[in-house]
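To start, the structure itself, in structure tokens.
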Amino acid sequence: MMHFTPEEVERYLTIVNDKNPVHAKVVPGQMIVQSVFINLNINWSEYRIKYIESIYVYEEFKVEFLEKDKIIVSDIQEKLKFQIINKKGDGM
């Protein structure tokens, strides 16, 4: 399980110079994707993200490979939050 604290989100927003007020509660999607790639040791050069629902600060979520080139992110009740799909098929 993963989650983000307000301090982690604020640090990320400062680095990327994102001033969107929605990110006081909603974790930026790209922040989640970058963390997923780091945790799974993935370096996909081209990928597509299909956002279904937001992930909120402190919300726990899990990450799993659905197949070789598709990662799903879901909450603890198994509700799909988003998918990351490798466009090049270059694996991990």
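Using our numbering, read the sequence shown as starting at 26 and increasing by one per residue.
Quick reminder that beta carbons are idealized off the backbone N, C-alpha and C, glycines included.
Residue(s) in a DSSP beta bridge with residue i
i: Thr86; result: Residue identity differs from the one stated: residue 86 is Phe in this sequence, not Thr. Met27, Asp100.
i: Arg73; result: Ile110
i: Leu105; result: Ser99
i: Tyr81; result: Val51
Other residues of its chain near residue i: CB distance less than 7 Å, five sequence neighbours each side excluded
i: Phe90; result: Ile96
Pairwise C-alpha distance: residue j and residue i
i: Glu33; j: Lys113; result: 31 Å
i: Ala49; j: Asp94; result: 31 Å
i: His28; j: Ser79; result: 13 Å
i: Leu35; j: Phe86; result: With the sequence shown as reference, residue 35 is identified as Glu, and Leu is not the correct amino acid for it. Using only the alpha carbons, I get a separation of about 19 Å.
i: Val52; j: Val61; result: 13 Å
i: Tyr37; j: Ile101; result: 24 Å
Beta-carbon contacts of residue i that lie in its chain and below 8 Å, excluding the five residues immediately before and after
i: Gln108; result: Ile74, Lys75, Ile77, Leu91, Lys95, Ile96, Ile97, Val98
Contacts around residue i, its chain only, beta-carbon distance under 6 Å, and the 5 residues preceding and following it disregarded
i: Asn111; result: Trp69, Tyr72, Asp94
i: Lys104; result: none
Three-way DSSP call (helix, strand, coil) for residue i in this model
i: Glu32; result: helix
Just to confirm the assignment: which complete alpha helix (DSSP H) runs, minimum length 4, are found wholly within the stretch 43-70? 54-65
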